[in-house]
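Residues in the sequence shown are numbered consecutively from 173, following my numbering.
Beta carbons: idealized from backbone N, C-alpha and C, even for Gly.
In this text, all values refer to a predicted model and were calculated from it rather than measured experimentally.
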Amino acid sequence: MIKVLITGGAGFIGSHVVRRMVNSYPQYHIFNLDALTYAGNLENLKDVASAANYTFVKGDITDAAFVQNLFAQHDFTYVIHLAAESHVDRSISNPIAFVMTNVVGTVNLLNAAKHVWSGSFEGRRFYHVSTDEVYGALGETGMFTEETKYDPHSPYSASKASSDHFVRAYHDTYGLPVVISNCSNNYGSHHFPEKLIPLAIHNIKNNKPIPVYGKGENVRDWLWVEDHARAIDVILHKGKNGETYNIGGHNEWKNIDLIHLLCKIMDKKLGRAQGESAKLITFVKDRAGHDMRYAIDATKLKSDLGWVPSLQFEEGLEKTVDWYLSNQEWLDHVTSGEYKKYYTDQYEKR
Ligand code: NAD
Ligand code: DAU
């Protein structure tokens, strides 16, 4: 039995990776290790919770002794590490949490793998899931390749860059079999509504202002989350140790253009007159250190491993809107309690 540890599996991307692995590999046993922070939600995994090849483990990757014990107890063949503090805005107000989970937590996992796997690395793999934000910001042209120099600007991206460096250092120093991928912005179902797309859907539905930072000129490269999960599957099984793979959608959008498209889709879905939702667009104070443009060159992933995105953005965005409109209960649960305080601090006191 191949045991696979997925960290952060109750979060947005992690839940899609867990679902894919549980359903596609009945011969694997999938362990989902998650601390269930504000971003972790077991409702994301209701459909696989009782699968015979799935186990949820509640735990914190910053707890070194706990992580060591877990690795000693289970002989994991693969680790897919997604657990992280992932929200740039939160990293601006509380950087230490990002250092703890993203840096210390990653090193705890690397240490445990090195210790427990010691001497028998054959067939093992430590897969670190990272972000394109480590490369910094682009001007009007160019794309991030795997060779682009790291130049992180936010505490979030600095912590992810640091974790990437540790992962490579464990490969170069101890021979740990690692692989890293750096992905662009994901969108899709189960996305926590602090991030732009689900936040905008939620606000449009409730006739609340859609906060657009600065002039909305910043550009992001959007990828459907299930395409990211598929890329992770491909890289886990076919990637080469010590390599980095960029993952992206070849799908750049200025924030303001994306919001207009979303408003158009929402008008149609909610039976509103065209142009009605766009009246909610509200320009607010910009994010500090706001990176202007991200764009991923995913040529290596295509040419070496044959992965390409499957979905056009307009279709994916419509599917995403449909999911949010038919999962009001999920949205109600995640937007009660702590979310309200976050929202007031972030937007109403801005
Ligand atoms: P998310 O914030 O939705 O989920 C993070 C998960 O990690 C949550 O379930 C949370 O409970 C868990 N977690 C946080 N701290 C933990 C700790 N100390 N111990 C154990 N579990 C902990 O994040 P996401 O958007 O799904 O991102 C997942 C990974 O992918 C992250 O590593 C992120 O940097 C990376 N990434 C995200 C995107 C994106 O667009 N969202 C793009 C590229 C890369
Ligand atoms: O590029 C990959 C990264 O994408 C991941 O590593 C991060 O984990 C993920 O959160 C995401 O980071 P961003 O900062 O790009 O995502 P966010 O949804 O927070 O913001 C997207 C863009 O929208 C960004 O330019 C900021 C802007 N924005 C965001 C919010 C929340 C707004 O204009 N208004 C908002 O209210």
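task = With DSSP as the reference, label K451 as helix, strand or coil.
result = Position 279 of the sequence shown holds residue 451. Reduced to three states, the DSSP call for K451 is helix.
ask   = Less than 7 angstroms between the CB of D494 and some heavy atom of ligand 3, yes or no?
value = Ligands present in the displayed structure are limited to ligand 1 and ligand 2, and ligand 3 is not among them.
Any 3 or more C-beta pairs closer than 8 angstroms across the stretch 252-267 and the stretch 174-191 = yes
request  = Using alpha carbons as the reference points, say which of V279, D247, S196, P198 lies closest to D232.
outcome  = Position 60 of the sequence shown, counted from the first residue, corresponds to residue 232. The residue with the shortest Cα to Cα distance from D232 is V279.
key: Host alpha helix (DSSP H) of R297 (start-end)   = Here residue 297 refers to the residue found at position 125 when the sequence shown is read from its first residue. Unbroken run through R297 is the beta strand (DSSP E), 297-303; no alpha helix (DSSP H).
Secondary structure of H422, DSSP reduced to three states = Here residue 422 is taken as the residue at index 250 of the sequence shown, counted from 1. If DSSP states are grouped into helix, strand and coil, H422 belongs with coil.
key: Pairwise C-alpha distance: F243 and A236   = Taking the sequence shown and counting its residues from 1, one reaches residue 236 at position 64. Taking the sequence shown and counting its residues from 1, one reaches residue 243 at position 71. One C-alpha to the other measures close to 11 angstroms.
inquiry  = Does the distance between the C-beta of Y466 and the nearest non-hydrogen atom of ligand 2 fall short of 7 angstroms?
reply    = The residue you call residue 466 lines up with position 294 of the sequence shown. Yes, the beta carbon of Y466 sits closer than 7 angstroms to at least one heavy atom of ligand 2.
request  = Taking S353 as part of the beta strand (DSSP E), name the residues at either end of that continuous run.
outcome  = Position 181 of the sequence shown, counting from 1, holds the residue named residue 353. Note, S353: beta strand (DSSP E), 350-355.
key: Alpha-carbon spacing of H432 relative to N358, whole angstroms   = Counting from one through the sequence shown, the residue named residue 432 turns up at place 260. Counting from one through the sequence shown, the residue named residue 358 turns up at place 186. So the two alpha carbons sit approximately 18 angstroms from each other.
request  = Taking A372 and L442 to be in contact with their CB atoms under 8 angstroms, please state how far apart those CB atoms are, rounded to whole angstroms.
outcome  = Within the sequence shown, numbered from 1, the residue matching residue 372 stands at position 200. Within the sequence shown, numbered from 1, the residue matching residue 442 stands at position 270. Between L442 and A372 the Cβ distance is about 13 angstroms, and since that is not below 8 angstroms, they are no contact.
query = If we ignore side chains and look at the alpha-carbon of each, how far apart do F316 and I453 end up?
reply = Counting from 1 along the sequence shown, the entry for residue 316 is found at position 144. Counting from 1 along the sequence shown, the entry for residue 453 is found at position 281. About 30 angstroms.
message = Can you confirm whether the stretch 179-194 touches the stretch 391-403 when touching is taken to mean that 3 or more C-beta pairs between the two stretches lie within less than 8 angstroms?
response = yes
inquiry  = Once the 5 residues before and after E510 are set aside, which same chain residues still bring their CB inside 8 angstroms of it?
reply    = Start at 1 with the first residue of the sequence shown, and residue 510 comes out as number 338. For E510, where only same-chain residues beyond five positions count, the Cβ hits under 8 angstroms are Y210.
ask   = Which residue comes first and which comes last in the alpha helix (DSSP H) that contains D344?
value = For the purposes of this step, residue 344 is taken as the residue at position 172 of the sequence shown. Residues 327-346.
inquiry  = Quick check on D261: does DSSP put it in helix, strand or coil?
reply    = As a working mapping, residue 261 is identified with position 89 in the sequence shown. Of the three classes helix, strand and coil, the one that applies to D261 here is helix, per DSSP.
request  = Select from K367, I419, I407 the residue whose C-alpha is nearest the C-alpha of S356.
outcome  = Position 184 of the sequence shown, counting from 1, holds the residue named residue 356. Answer by Cα proximity: I419.
query = Is it true that the stretch 299-311 meets the stretch 361-369, where meeting means three or more beta-carbon pairs spaced less than 8 angstroms apart?
reply = no
ask   = Is N357 near ligand 2, judged by its Cβ being under 7 angstroms from some heavy atom?
value = Here the question's residue 357 lines up with position 185 in the sequence shown. At least one heavy atom of ligand 2 is nearer than 7 angstroms to the Cβ of N357, so yes.
task = Return yes when the C-beta of E215 is under 7 angstroms from any heavy atom of ligand 1, and no when it is not.
result = Numbered from 1 along the sequence shown, position 43 holds the residue referred to as residue 215. No, the Cβ of E215 stays beyond 7 angstroms of every heavy atom of ligand 1.
key: D219: CB within 7 angstroms of a non-hydrogen atom of ligand 1   = For the purposes of this step, residue 219 is identified with residue 47 of the sequence shown, where counting begins at 1. D219 Cβ: outside cutoff for every heavy atom of ligand 1.
ask   = Helix, strand or coil: which one does DSSP assign to H362?
value = For the purposes of this step, residue 362 is identified with residue 190 of the sequence shown, where counting begins at 1. Note: H362 maps to coil in three-state DSSP.
Extent of the continuous beta strand (DSSP E) run through R392 = As a first step, residue 392 is located in the sequence shown; it is residue number 220 there, counting from the start. Start and end: 391-396.
key: Proximity winner among S196, W479, K521, relative to K410 (alpha-carbon distances)   = The residue labelled residue 410 in the question sits at position 238 within the sequence shown. Of the candidates S196, W479, K521, the one whose C-alpha sits nearest the C-alpha of K410 is W479.
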